[in-house]
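**Q**
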Amino acid sequence: MVATALRPRRIRHKESSGERLFGFGTVLFLVALMGVTIYPLIYVLFASLSNAAELTQHRGLLFAPLSFTFEAYRRVLENPLILTGYRNTLFIVIVGTALNVFLTALGAYALSRRNVLLRNPAMFFIVFTMFFSGGLIPTYLLVGQTLHLQNTLWALIIPGAVQTLNLIIMRTAFQGVPVALEEAARIDGANDWTILFRIFLPLSWPVVAVMILFYGVAHWNSFFSALVYIRERDLYPLQLVLREILISSNVQNMATDVSSGDVLAIGETIKYATIIVATLPILLVYPYLQRYFVKGVTIGAIKE
Amino acid sequence: MRTATTSLEIIAPLNLPKKGRWQTISRDFRRNKHVYLMLLPVLLYYLIFHYGPMYGAVIAFEDFNPIKGVFGSTWVGLQNFQDFFSSVYFGRLIFNTVAISVLDLVFGFPAPIILALLINELRWNPFKRLVQTVTYLPHFVSVVVVVGMMVDFFARDGLVNQLFATNVAYMQSAEWFRQLFVGSGIWQHVGWLSIVYLAAIATIDPQLYDAAKVDGADRFRQMWHITIPGILPTVVILLILRMGMLMSVGYEKIILMYNPLTYETADVISTYVFRRGILQADFSFSAAVGLFNSAINFALLIGANRISRRLSGHSLW
């Protein structure tokens with residue numbers, strides 16, 4: 001079409017002063033919003049690197065650490081509870097996410113097949129659980145008592161093995177894989193397992209990355225099932241340890257060598273250092289995964 | 305126009321008439337045995353961990369005794385429900401649940417839409433990406449850390465009181481609980497929730513904007529007449545589905561935030577279930593309260609889903 005070819009690539013019009021003011025206001029507002037969003041984390045970072053005594057004297061915002069020191073980090077990393085918390089959380093994240101992604105992929109593949117008789121009944125069976133649940137107490141009695149998972153890390157992994165929304169996201173992605181590829185493989189004698197692991201998963205890598213991110217972050221950040229099922233402190237995941245330190249203000253065992261007056265001061269910096277230690281791993285991988293998760297959210301929201 | 309006859313179906317047609325139903329089923333199982341093998345663990349998971357508790361919820365109608373088990377405990381009918389409806393906490397729990405939910409709906413729902421519209425107005429792409437990266441970030445911070453920071457910043461000698469030269473114990477006062485709960489929720493998730501709307505904006509045909517510019521529409525008119533109508537279907541669907549969750553509040557965060565001083569405004573149905581059931585081991589009563597909440601959620605979601613399907617053709621299933 002000649003007309004399309006001649007169409008200017010971008011139509012410009014002169015902006016009125018009102019529009020320019022609006023544009024300027026928008027930028028200003030978003031800069032302020034970014035400040036409010038990111039500053040609390042920056043404050044925590046600076047405070048964690050500050051001298052404890054100076055920090056308690058300080059009033060107002062921080063724009064740099066006060067007398068830069070790693071003292072609080074030294075105490076945090078010497079705390080056995082933090083270390084076992086890290087170990088338990090790593091176990092949950094690695095084993096849990098692997099199981100999550102594996103089962104979700106199996107379910108998503110099966111439910112993306114067009115010529116399976118039980119597909120729709122199975123889909124209903126699964127989606128119904130998004131609408132109705134038996135509730136916290138029967139789940140607790142089942143997992144903790146009937147299945148004897150109380151005080152095991154499996155109680156934090158198995159009951160959430162598949163998240164229905166993630167299953168739907170992955171199924172949508174699988175439905176977009178061209179049929180021709182699958183047919184070619186089948187003619188070459190491939191069965192469903194080969195097709196799933198050799199064709200569907202590699203082709204849907206961005207969605208697999210999103211699944212790893214969603215499940216992994218959920219495991220890393222989860223505290224509630226541990227609060228319900230775990231009583232032994234040796235088995236506390238990181239978030240439960242954090243809850244003790246941050247919210248119940250239990251920092252004594254990290255400041256045993258100082259007088260009681262200093263415990264309060266050092267306790268503050270220990271809290272901040274704990275936040276950084278527990279959040280940094282996620283903040284470090286996050287920018288690399290950003291382009292993937294935008295895709296995941298979009299697939300989940302826009303259903304055919 | 306769906307003539308999706310793949311060559312697979314030509315090799316093995318799915319529904320041949322005149323063949324017996326059992327033959328169809330057995331052929332389906334034979335052809336799809338690997339698919340069913342994959343489906344099996346997933347269905348087992350749902351059966352055990354989702355349908356199991358639904359069955360276990362019958363203890364709401366019993367005087368459950370862990371030693372006697374679900375089968376052996378005494379049946380008491382609706383006694384636990386009646387106890388809950390006549391308890392002094394009933395009114396407060398319902399009110400708090402709805403109040404927090406409605407506040408979150410009024411302030412938390414429009415916030416990401418406004419953010420998406422503002423981000424869309426940005427002309428310089430690196431800045432646009434920066435705003436997105438920064439505002440998405442808190443979504444990945446754990447709720448324990450968020451509440452931990454609030455406990456610290458909103459303490460009597462905390463940063464907020466220092467900055468405003470005030471002396472308020474925010475976390476210990478019932479009148480501040482809802483504002484802090486809803487506000488911190490917006491802080492944490494507004495960027496993340498804006499992704500959906502930005503994606504919807506991205507699907508709008510750019511020629512519409514060109515045509516509007518030719519007609520002399522300024523940026524406000526473009527936003528009002530093109531962008532907002534363009535994302536309206538998404539907004540409507542998400543709003544309706546949000547209405548279906550009116551009685552389910554993010555109780556994990558409340559459990560971290562509240563304390564006996566703030567129960568008056570902070571205690572919702574699910575936190576009450578947690579205290580009575582898990583902490584006080586009052587299983588039957590708390591299971592009844594939980595079941596009551598589940599039933600309301602179910603009715604609301606079904607209703608919302610039906611409205612959504614009728615209005616927009618979109619639904620959860």
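In order, the protein sequences belong to chains A and B.
Per our numbering, the first sequence starts with residue 1, numbered consecutively.
Per our numbering, the second sequence starts with residue 305, numbered consecutively.
Glycine included, C-beta positions come from ideal geometry on N, C-alpha and C.
Going by DSSP, name the residue or residues bridged to W379/B.
**A** For this step, residue 379/B is matched to residue 75 along the second sequence. Its beta-bridge partners are E366/B.
**Q** Determine the closest residue to F578/B out of Q476/B, D367/B and L397/B, with distance taken between C-alpha atoms.
**A** Working through the second sequence from its first residue, we reach residue 578/B at position 274. Considering only alpha carbons, the answer is L397/B.
**Q** Starting from the Cα of N492/B, find the closest Cα among Q526/B, V374/B, H443/B and T507/B and give me that residue.
**A** In the second sequence, the residue the question calls residue 492/B occupies position 188. In the sequence as displayed, the identity of residue 492/B is Gln instead of Asn. Out of Q526/B, V374/B, H443/B and T507/B, H443/B has the C-alpha closest to the C-alpha of Q492/B.
**Q** Is the region 80 to 98 of chain A close to the region 230 to 249 of chain A, with three or more CB pairs under 8 Å?
**A** Result yes; three or more Cβ-Cβ pairs closer than 8 Å.
**Q** Which of the three DSSP states is assigned to R257/B in this structure?
**A** An answer regarding residue 257/B cannot be provided, because it is not within the stretch 305 to 621 covered by chain B.
**Q** Using a Cβ-Cβ cut-off of 8 Å, state whether R306/B counts as contacting chain A.
**A** The residue you call residue 306/B lines up with position 2 of the second sequence. A caution first: R306/B carries a pLDDT of 41, below 50, which makes its placement in the model too unreliable to give a value.
**Q** For P202/A, does the count of other Cβ atoms within 10 angstroms reach 16, so buried, or fall short, so exposed?
**A** Translated into positions along the first sequence, residue 202/A becomes position 202. By the neighbour-count rule (16 or more Cβ atoms within 10 Å), P202/A is not buried but exposed.
**Q** Kindly indicate which residue of S391/B, R325/B, V448/B and P357/B has the alpha-carbon position closest to the one of L560/B.
**A** Taking the first residue of the second sequence as position 1, residue 560/B is located at position 256. Taking only the C-alpha atoms, the option nearest L560/B is V448/B.
**Q** Could you compute how far the alpha carbon of L99/A sits from the alpha carbon of E54/A?
**A** Position 99 of the first sequence, counting from 1, holds the residue named residue 99/A. Position 54 of the first sequence, counting from 1, holds the residue named residue 54/A. Approximately 47 Å between the Cα atoms of the pair.
**Q** To which residues of the same chain is T4/A closer than 8 Å at the C-beta, ignoring the five residues directly before and after it?
**A** As a position in the first sequence, residue 4/A is number 4, starting the count at 1. Caution applies to T4/A, whose pLDDT of 48 falls short of 50 and renders its modelled position unreliable; the value that the coordinates give is listed next. There are no such residues.
**Q** So, helix, strand or coil for P40/A, using DSSP?
**A** Position 40 of the first sequence holds residue 40/A. It is helical.
**Q** Applying a beta-carbon distance threshold of less than 8 Å, which residues of chain A neighbour H338/B?
**A** The sequence position of residue 338/B within the second sequence is 34, counting from 1. Result: N191, D192 and W193.
**Q** Look at the alpha carbon of E232/A and the alpha carbon of V143/A, and state the distance between them as a whole number of angstroms.
**A** Counting from one through the first sequence, the residue named residue 232/A turns up at place 232. Counting from one through the first sequence, the residue named residue 143/A turns up at place 143. Whole-angstrom Cα-Cα distance: 17 Å.
**Q** Considering only the beta carbon of each residue, do I404/B and F353/B sit closer than 8 Å?
**A** In the second sequence, counting from the first residue as 1, residue 404/B sits at position 100. In the second sequence, counting from the first residue as 1, residue 353/B sits at position 49. No, the pair does not count as a contact, with Cβ atoms beyond the cut-off.
**Q** Can you give me, in chain order, the residues of the region 398 to 427 of chain B that have a beta carbon less than 8 Å from any beta carbon in chain A?
**A** Those residues of the region 398 to 427 of chain B that come within reach of chain A (Cβ to Cβ, closer than 8 Å) are L419, L422, I423, E425, L426 and R427.
**Q** Relative to chain A, which residues along the region 452 to 466 of chain B have a C-beta separation below 8 Å, given in chain order?
**A** Correct list: G452, M453, V455, D456, F457, L463 and Q466.
**Q** Buried or exposed: which applies to G381/B, given that a residue is buried once 16 or more other Cβ atoms fall within 10 Å of its Cβ?
**A** For the purposes of this step, residue 381/B is taken as residue 77 along the second sequence, with counting starting at 1. The residue in question, G381/B, is exposed, as its Cβ has fewer than 16 Cβ neighbours within 10 Å.
**Q** Does the beta-carbon of T569/B have 16 or more other beta-carbons within 10 angstroms, so that it is buried, or is it exposed?
**A** Your numbering for residue 569/B matches position 265 in the second sequence. Label assigned to T569/B: buried.
**Q** How many angstroms separate the CA atom of M211/A from the CA atom of V518/B?
**A** The residue labelled residue 211/A in the question sits at position 211 within the first sequence. The residue labelled residue 518/B in the question sits at position 214 within the second sequence. Near 44 Å, if we compare the C-alpha coordinates of V518/B and M211/A.
**Q** Evaluate W220/A with the Cβ neighbour count: other Cβ atoms within 10 Å of its Cβ, from every protein chain shown; 16 or more gives buried, anything less gives exposed.
**A** For this step, residue 220/A is matched to residue 220 along the first sequence. Buried.
**Q** Buried or exposed: which applies to A503/B, given that a residue is buried once 16 or more other Cβ atoms fall within 10 Å of its Cβ?
**A** Here residue 503/B refers to the residue found at position 199 of the second sequence. Flag for A503/B reads buried.
**Q** According to DSSP, is G189/A helix, strand or coil?
**A** Position 189 of the first sequence, counted from the start, is the residue given in the question as residue 189/A. Three-state result, G189/A: coil.
**Q** Helix, strand or coil: how does DSSP classify M561/B here?
**A** To locate residue 561/B, count along the second sequence from 1; it is residue 257. Looking at M561/B - three-state DSSP - the assignment turns out to be helix.
**Q** State whether the region 124 to 144 of chain A contacts the region 52 to 70 of chain A, with contact taken as three or more CB pairs (one from each stretch) at a distance under 8 Å.
**A** The region 124 to 144 of chain A, when compared against the region 52 to 70 of chain A, does not touch it at the 8 Å Cβ threshold.
**Q** CB L545/B to CB L604/B, shorter than 8 Å?
**A** Looking up residue 545/B in the second sequence gives position 241. Looking up residue 604/B in the second sequence gives position 300. Taking 8 Å as the Cβ cut-off, L545/B and L604/B do not qualify as a contacting pair.
**Q** Tell me, please, whether the CB atom of M623/B is closer than 8 Å to any CB atom in chain A?
**A** It is not possible to answer for residue 623/B, since the shown part of chain B is limited to 305 through 621.
**Q** Going by the beta-carbon positions, is the gap between A226/A and Y236/A smaller than 8 Å?
**A** Here the question's residue 226/A lines up with position 226 in the first sequence. Here the question's residue 236/A lines up with position 236 in the first sequence. Contact flag set, yes.
**Q** Under the rule that 16 or more other beta-carbon atoms within 10 Å means buried, what is L136/A, buried or exposed?
**A** Taking the first residue of the first sequence as position 1, residue 136/A is located at position 136. Answer is buried; the Cβ neighbour count reaches 16.
**Q** Note down, in chain order, all residues in the region 378 to 398 of chain B with a beta-carbon under 7 Å from any beta-carbon belonging to chain A.
**A** The residues in question: there are none.
**Q** According to DSSP, is M255/B helix, strand or coil?
**A** Given a span of 305 to 621 for chain B in the structure shown, any question on residue 255/B remains unanswerable.
**Q** For the ligand SAM, any of its heavy atoms closer than 7 Å to the Cβ of S377/B?
**A** What this structure holds is no ligand at all, so the ligand SAM is not there to describe.
**Q** Just to confirm my understanding: we take F388/B, look at its own chain, exclude 5 residues before and 5 after, and list those with CB closer than 8 Å. What are they?
**A** Taking the second sequence and counting its residues from 1, the one referred to as residue 388/B is at position 84. Same-chain partners within the cutoff: F394, F589, A592, V593 and F596.
**Q** Where does the unbroken alpha helix (DSSP H) through K372/B begin, and where does it stop?
**A** Locating residue 372/B in the second sequence gives position 68, counting from the first residue. No alpha helix (DSSP H) holds K372/B; DSSP gives it neither H nor E.
**Q** So M358/B and F174/A are in contact, right, with Cβ under 8 Å, and what is the actual spacing, rounded?
**A** Your numbering for residue 358/B matches position 54 in the second sequence. Your numbering for residue 174/A matches position 174 in the first sequence. Actually they do not touch by this definition, with Cβ atoms about 28 Å apart.
**Q** Between the beta-carbon of V500/B and the beta-carbon of T439/B, is there less than 8 Å?
**A** Sequence index remark: in the second sequence, residue 500/B carries index 196 (1-based). Sequence index remark: in the second sequence, residue 439/B carries index 135 (1-based). In this structure, T439/B does not lie closer than 8 Å to V500/B by Cβ.
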